[in-house]
Amino acid sequence: MRAARERAGVLAGELQALLGDRPSTVWTAGGAVRVSVRMRGPHGTDLAMSVLAILARADRYGHRKGLGREQLWLEIGGVPTEAHEW
17 MRAARERAGV LAGELQALLG DRPSTVWTAG GAVRVSVRMR GPHGTDLAMS
67 VLAILARADR YGHRKGLGRE QLWLEIGGVP TEAHEW
């Protein structure tokens, strides 16, 4: 669990440096560390490639889009969670 927390912390720091927003970090019911961060503004190709390079180092990752909000998430360790657990 400590290794998962440390790994998630590194990736969260990289996302914050790249996107400018502080990510939230929580433990899931499946025992994973989930990092999520809100996306703002226009998204160019260079930014997208940099974000994908960070996400690719996670065990799982994805994107959620709602009314007026866009959010990236990644998970380290644990087991995948169902969408309703958000």
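Taking the working numbering, the leading residue of the sequence shown gets 17, the next gets one more, and so forth.
For every residue, glycine included, the Cβ atom is placed at its ideal position computed from N, Cα and C.
- Per DSSP, reduced to three states, the secondary structure at Glu91 is strand.
- The C-beta distance from Met65 to Leu35 rounds to 14 Å, too long to fall under 8 Å, and the pair is not in contact.
- Residue pairing by DSSP puts Ser40 in a beta bridge opposite Ser52.
- Ranked by how close their Cα comes to the Cα of Glu91, the residues Asp37, Ala45, Ala33, Arg38 have Ala45 in first place.
- For Ala33 and Gly94, the gap between their C-alpha atoms comes out near 26 Å.
- The beta carbon of Tyr77 sits closer than 6 Å to those of Leu71, Leu90, all from its chain and outside the five residues before and after it, given in chain order.
- The beta carbons of Val67 and Arg21 sit no closer together than 8 Å.
- Inclusion of Arg73 and Leu27 in the CB contact set at 8 Å is warranted, their separation being smaller than that value.
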